[in-house]
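When you line the sequence shown up against numbering that gives the first Met the number 0, it's residues 0 to 266, in that order. Backbone N, C-alpha and C fix where the C-beta goes; we use that ideal spot for every residue, glycine too.
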Amino acid sequence: MTPRKLRIAVLISGGGTNLQAMIDRAADGTLNAEIVAVLSDRPGAFGLQRAERAGIPAFCVDYASVAARAEGEFPADYRVVLEELDRKQNFLRIADSAKRLNRLGKLVLAEQELIRIIDSFHPDYICLAGFMRLVTPCFIGHYNRGKRRILNIHPALLPSFPGMHGYEDTFAYGCKWGGVTVHFVDEGEDTGPIIAQAVYPIWPDDDRDGIRARGLQLEYEIYSQVINWLAADEVAVNESPDGAVRVHVTDPGYPEILRGWVRKAMA
Ligand code: GRF
Numbered sequence: 000m001t002p003r004k005l006r007i008a009v010l011i012s013g014g015g016t017n018l019q020a021m022i023d024r025a026a027d028g029t030l031n032a033e034i035v036a037v038l039s040d041r042p043g044a045f046g047l048q049r050a051e052r053a054g055i056p057a058f059c060v061d062y063a064s065v066a067a068r069a070e071g072e073f074p075a076d077y078r079v080v081l082e083e084l085d086r087k088q089n090f091l092r093i094a095d096s097a098k099r100l101n102r103l104g105k106l107v108l109a110e111q112e113l114i115r116i117i118d119s120f121h122p123d124y125i126c127l128a129g130f131m132r133l134v135t136p137c138f139i140g141h142y143n144r145g146k147r148r149i150l151n152i153h154p155a156l157l158p159s160f161p162g163m164h165g166y167e168d169t170f171a172y173g174c175k176w177g178g179v180t181v182h183f184v185d186e187g188e189d190t191g192p193i194i195a196q197a198v199y200p201i202w203p204d205d206d207r208d209g210i211r212a213r214g215l216q217l218e219y220e221i222y223s224q225v226i227n228w229l230a231a232d233e234v235a236v237n238e239s240p241d242g243a244v245r246v247h248v249t250d251p252g253y254p255e256i257l258r259g260w261v262r263k264a265m266a
């Protein structure tokens, strides 16, 4: 059976080389997905130009100007909603609760704009690809009704080195192997259930830029492969009553694909 093509929306903040890899693979038929929309939180993101060049609808929700417009106190009913979201979130660690709610409120306003645009394209999955914003329980709850629909690519072997600087942190720690991870997004920072990981060696004469270049090649491979597994319904998510979530890829070719990633990283 030929897998159905997924509809995906891709969220970016910058250069968008992961996006470009998806665009290229969608064009040559090796990605079982149609990129229905690309959205950025920054007006100058080069990835927006990549999308336009490929004829994909591209949008910017400028988080900075949404935040500037929302300066001040939020209405009381909105505060009640924010307090509820704040109880679920696990990434904003601002001790002052008024400040925390204010930050959360601005993020939610920007997300409502994102959601309005994304939903008009009816995607099956939302793929974060270098989107340098944390998403709130509002965004997650909107898309995870019934099943997990938000994916992220992280440039480290989670749970090591979450956050913004995966390659830098891996290198600075003196790791001998680095890795990249595709995971479902949850309410924490890079804490969601892991779908796939690939590793690469770090040689004594490597520098940070060298390992980033090596890791990015793997990012392009594994993100597309995960999307293809989802399209083929080969990603099983098991949630146990104690709350543990484990993801299994059911593709019989899984071990050979992993061997291929290792061979590629060692080449
Ligand atoms: C990638 O390393 C990705 O893992 C991380 O941000 C970077 C984005 O790169 N989240 P690009 O914009 O796809 O080139």
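Taking 8 Å as the threshold (C-beta atoms), are residue j and residue i in contact?
i    : j    : result
G162 : E186 : no
G214 : G177 : yes
D40  : V9   : no
V181 : I149 : no
I34  : A44  : no
I11  : G129 : yes
F170 : I210 : yes
C126 : I7   : yes
A197 : A264 : yes
L18  : R49  : yes
L284 : Y199 : Residue 284 falls outside the range modelled here, since the chain spans only 0 to 266, and no answer is possible.
V244 : A195 : no
F90  : I114 : no
D85  : R99  : yes
Q224 : I256 : yes
Y166 : R207 : yes
R20  : Y219 : According to the sequence displayed, residue 20 carries Ala and not Arg. Cβ distance < 8 Å, so A20 and Y219 count as in contact.
I117 : L38  : yes
By DSSP's criteria, residue i is part of a beta bridge. Which residues make up the other side?
i    : result
I125 : A8, I149
L38  : L10, F58
A195 : V181
V248 : V234
P292 : An answer regarding residue 292 cannot be provided, because it is not within the stretch 0 to 266 covered by the chain.
I'd like the span of the beta strand (DSSP E) that includes residue i, first residue to last.
i    : result
L30  : No beta strand (DSSP E) holds L30; DSSP gives it neither H nor E.
W176 : 176-183
E238 : 234-238
R3   : Note, R3: premise wrong, no beta strand (DSSP E); not H, not E.
For residue i, report the span of its alpha helix (DSSP H) as first-last.
i    : result
A212 : 207-230
H141 : 136-142
R258 : 253-265
A171 : 165-172
> Can you list the beta strand (DSSP E) stretches of 3 or more residues lying completely in the region 43-98, in chain order?
Replying inline: For secondary structure counted as the beta strand (DSSP E) over 3 or more consecutive residues, the region 43-98 holds these complete runs in sequence order: 57-59.
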